[in-house]
Amino acid sequence: MITLGTAGHIDHGKSSVVKALTSIDPDRLPEEKERGMTIDLGFAWFALPDGEYVGLVDVPGHQHFVHNVIPGLTGIDAVMLVIAADDGWMPQTEEHLQIINLLGISKGIVVLNKIDLVEADWCAMVHADITEHLSDTVLAGAPIIEVSAKSGLGLDDLKTAIGKLVADINQADIGKPRLPIDRVFTIKGVGTVITGTLHHGTLAVGDEVTILPKGIRGQIRSIESYKQHLSKAQPGSRVALNLSGLKKEDLERGDIIVPRGAETPLSRYLDAELCLLPSLKQPLKTGAELSLFFETTESSARVIALSSREISPQEGPTLVQFRLPAEFAAFIGERFIVRRNSPAETIGGGRILDPSAERYQPKNAERQIKRLNERRELSLASIITTELDKTHFTKRHGFLQASPHSEATITKAIEVKAQSSAVIVSNDWLIDAAFWQEQMRALLDNLAAEHKAQPLKKGLSQAEIAAKLKLPEGLFTSLVEELITSKKITRMDDVLALSSHKPQLSGDQTEMENRIISAIMQNPAAPPTRTELLKSVSGIANVLRYMLEQGKLIELPDGILLTAAQYREIKQKVIDILKSQGQIAIQDMSAATGFSRKYSIPFLTRLDQEGITRRQDNVRLAARKLE
18 MITLGTAGHI
28 DHGKSSVVKA
38 LTSIDPDRLP
48 EEKERGMTID
58 LGFAWFALPD
68 GEYVGLVDVP
78 GHQHFVHNVI
88 PGLTGIDAVM
98 LVIAADDGWM
108 PQTEEHLQII
118 NLLGISKGIV
128 VLNKIDLVEA
138 DWCAMVHADI
148 TEHLSDTVLA
158 GAPIIEVSAK
168 SGLGLDDLKT
178 AIGKLVADIN
188 QADIGKPRLP
198 IDRVFTIKGV
208 GTVITGTLHH
218 GTLAVGDEVT
228 ILPKGIRGQI
238 RSIESYKQHL
248 SKAQPGSRVA
258 LNLSGLKKED
268 LERGDIIVPR
278 GAETPLSRYL
288 DAELCLLPSL
298 KQPLKTGAEL
308 SLFFETTESS
318 ARVIALSSRE
328 ISPQEGPTLV
338 QFRLPAEFAA
348 FIGERFIVRR
358 NSPAETIGGG
368 RILDPSAERY
378 QPKNAERQIK
388 RLNERRELSL
398 ASIITTELDK
408 THFTKRHGFL
418 QASPHSEATI
428 TKAIEVKAQS
438 SAVIVSNDWL
448 IDAAFWQEQM
458 RALLDNLAAE
468 HKAQPLKKGL
478 SQAEIAAKLK
488 LPEGLFTSLV
498 EELITSKKIT
508 RMDDVLALSS
518 HKPQLSGDQT
528 EMENRIISAI
538 MQNPAAPPTR
548 TELLKSVSGI
558 ANVLRYMLEQ
568 GKLIELPDGI
578 LLTAAQYREI
588 KQKVIDILKS
598 QGQIAIQDMS
608 AATGFSRKYS
618 IPFLTRLDQE
628 GITRRQDNVR
638 LAARKLE
């Protein structure tokens, strides 16, 4: 299935040719009927003798409606340039051809219409003139078919030429369905319907979809293509989707439908390669406000030249950044057109190189230009390399979803990159190998600095390290796991440390440790709290933390401190009482240990937390079988 777009000057008979081919009048608006001219996009189709359907997008010819021409020509497979034999080459013929050239639509047919109105020698002269005009364009060598839409003369030849054209076009299914919306309407009893040309993959009834850039979701209730109800739509076909969960007001021309889970990144900044038309008389100044067209999207945009203060048509392809007023979803390698607003004219076009660019800053110009020059070839290897140069790490199903490559091709390219050690693959992450090594060094350096500053401390919590490195959670986890696996760090509970780190007390600190134990043991029935101990024995904070981390001290609820030996002894007494009595009350605890309620309750609460006891009314029972 392919889609042809018409192009040509006003009143050269584009709509008449479409109607003659299809028996469908593409002019659908009352105003179009009244004025006898196409204003917005029209749609029709016909079947070739082999049953292959050809969709037709009819565009306006009047210069005032060029903004409607471009959405009709973006995304078509081939073009049908219609020229009236009695008029010949005209201004909008030229502008439409410029648009075709800029969009890279290299396959097409020239239809020389209205041959019934001219003599044969005049027709031959116009034929030769057309050939000359096309000589340096993408349509050089395209067949020129002479017809009369009014009488039907030459229509069979035109259909034959279209058949040959169709046979030469391959609509690739790369598994990334993408449907730019060109019409939205409501049918009573049916609901919201959108139309567009499907690219890069299939869509099926029941598929959940996301509308970009809005991010809203719906579901495909039914599909119609060329008046046939389908369960699945194929790439290259004109389709109408009936969507549930969405209102007409939710959608507009320029929105893009993709399967849920296949969303592409959104951005206000598009880095691109811009070619200005040679006919542009003056250079384009950086910062100029333009109208930008890609797929069915139209937006105002400010153009920023990356290497100069102005862009000359003589420069050829120039690297620029478009700054948009809102976020949009674009495709890597996608063609675009730019028009000046005053005077209204097409001035150039090109390809989008990075649809999720960072805001251009002159201080980063050299690196950004180098990156974009490398990406110009649009190979998957260059896309991956340049993206990681920009971001250092990325989810593979993010930016690569916006690339013109299939999942199988992407997987193979990533494997090649991983084997070359240039890219680290971790779960769904792609990471620049040099950056990954930097992050490893940063984590190890942070731990080394902490061990030097706090030699008695076990290490740093994962949260503390994560805050320093500022990596996404999943990526940070992968980094930690790799360092643990390579035995460079250890993890105890939630604390990370260098594998070589062994907290040890100095002679003075050992003496301080003994003072702490003595202070706690001084009154076994009324042990101090952490706060009380810090007040009574000066300069012990680091040693106290070390003793707690090493398990030499146990901290009960309310901050009460016991030595490990004390804790084990009292815990065993509680276990013995539970074994003999089946339960223990506060008074039992006090009798066995000398603790008042102030200490008995925190101790039993700690045993509850350890799963040794459980509270029932005013007593504790064994929470599990006691050995």
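Numbering (the working numbering) for the sequence shown: 18 to 644. Ideal Cβ placement from N, Cα and C applies to all residues, glycine included.
May I ask you to list the residues that DSSP assigns as paired with residue i?
i: N371; result: Checking the displayed sequence, the identity of residue 371 turns out to be Asp instead of Asn. D288.
i: D75; result: G59
i: Y70; result: A64
i: T428; result: Answer is none; T428 lacks a bridge partner.
i: W446; result: K412 and S443
i: K552; result: Bridge partners of K552: none, in fact.
i: H29; result: H29 is not bridged to any residue.
i: I274; result: L196 and I228
i: Q633; result: V636
i: L260; result: T209 and I237
i: Q245; result: S242
i: S643; result: For the record, residue 643 in the displayed sequence is Leu; it is not Ser. DSSP output for L643 lists no bridge partner at all.
i: F310; result: E315 and I354
Give me, in chain order, the residues of the same chain whose beta-carbon lies closer than 8 Å to that of residue i; leave out the 5 immediate sequence neighbours on both sides.
i: L464; result: G476, L477, I482, I506, L513, A514, L515 and H518
i: S607; result: S613, R614 and S617
i: E490; result: A483
i: G568; result: A581
i: A433; result: Sequence check: residue 433 is Val here, not Ala. Closer than 8 Å at Cβ, skipping near neighbours: A398.
i: I240; result: L220, A221, V222, H246, L247, S248, K249, A250, V256, A257, L258 and N259
i: I386; result: L323, S324 and L336
i: S495; result: S443, N444 and W446
i: L624; result: K588, V591, T630 and R637
Taking Cβ to Cβ, would you say residue i is nearer than 9 Å to residue j?
i: N358; j: E306; result: yes
i: D190; j: G213; result: no
i: I147; j: I100; result: yes
i: I204; j: D224; result: no
i: L156; j: V74; result: no
i: F348; j: A419; result: yes
i: R356; j: T313; result: no
i: I116; j: I161; result: no
i: V183; j: L65; result: yes
i: I601; j: I594; result: yes
i: A439; j: D449; result: yes
i: G367; j: R352; result: yes
i: I211; j: L268; result: yes
i: I577; j: P619; result: yes
i: T110; j: A24; result: yes
i: I228; j: I273; result: yes
i: P520; j: E566; result: yes
i: F410; j: L488; result: yes
i: Q471; j: D511; result: no
i: S33; j: F63; result: no
Is the Cβ of residue i closer than 9 Å to any Cβ of chain C?
i: D104; result: Among the protein chains of the structure shown there is no chain C, as only one such chain exists.
Got a sec? Which residues, its chain only, sit under 7 Å from residue i by beta carbon, not counting five neighbours each side?
i: T20; result: G72, V74, I93, D94, T214, G253 and R255
i: S123; result: V155
i: I400; result: I349, R392 and S420
i: L417; result: I427
i: G30; result: V99, A101, N130, K131 and A166
i: L295; result: According to the sequence shown, residue 295 is Pro rather than Leu. Only P330 meet the Cβ criterion.
i: I321; result: T303, G304, V337, Q338, R340 and Y377
i: K407; result: E375 and R388
i: Y584; result: I571
Can you list, in chain order, the residues of its chain whose CB lies under 6 Å from that of residue i, leaving out five sequence neighbours each side?
i: M18; result: Y70, Q251, G253 and S254
i: Q188; result: P252 and G253
i: R326; result: T303
i: R52; result: Model confidence at R52 stands at a pLDDT of 41, short of 50, so the residue's coordinates are unreliable and nothing is read from them.
i: P334; result: E290 and C292
i: S316; result: L309 and L341
Cβ of residue i within 8 Å of any heavy atom in the ligand GDP?
i: I274; result: The ligand content of the structure shown is nil, which means the ligand GDP is not present either.
**Study point:** Those runs of the beta strand (DSSP E) which lie wholly inside the region 464-509 and span at least 3 residues
**Key:** 506-509
Check your understanding: Counting Cβ pairs closer than 8 Å, one from the region 620-631 and one from the region 575-595, do we hit at least three?
Key -> Cβ pair count under 8 Å is three or more, so yes.
Exercise for review: Return the chain-ordered ranges of every beta strand (DSSP E) run that is complete within the region 321-354 and spans a minimum of 3 residues.
Suggested key: 335-345
Check your understanding: Counting only runs that start and end within the region 150-224, where is the beta strand (DSSP E) found for 3 or more residues in a row?
Key -> 161-163, 196-204 and 208-214
Review point. Touching or not, the region 548-558 and the region 490-501, by the rule of three or more beta carbon pairs under 8 Å?
Key: no
Review point. Is the region 558-577 close to the region 528-548, with three or more CB pairs under 8 Å?
Key: yes
Review point. Along the chain, which unbroken stretches of the beta strand (DSSP E) at least 3 residues long are found entirely within the region 558-626?
Key: 570-572 and 578-580
Check your understanding: Between the region 281-297 and the region 335-349, do at least 3 Cβ pairs fall closer than 8 Å?
Key -> yes
Check your understanding: Contact between the region 169-181 and the region 136-144: three or more CB pairs below 8 Å?
Key -> no
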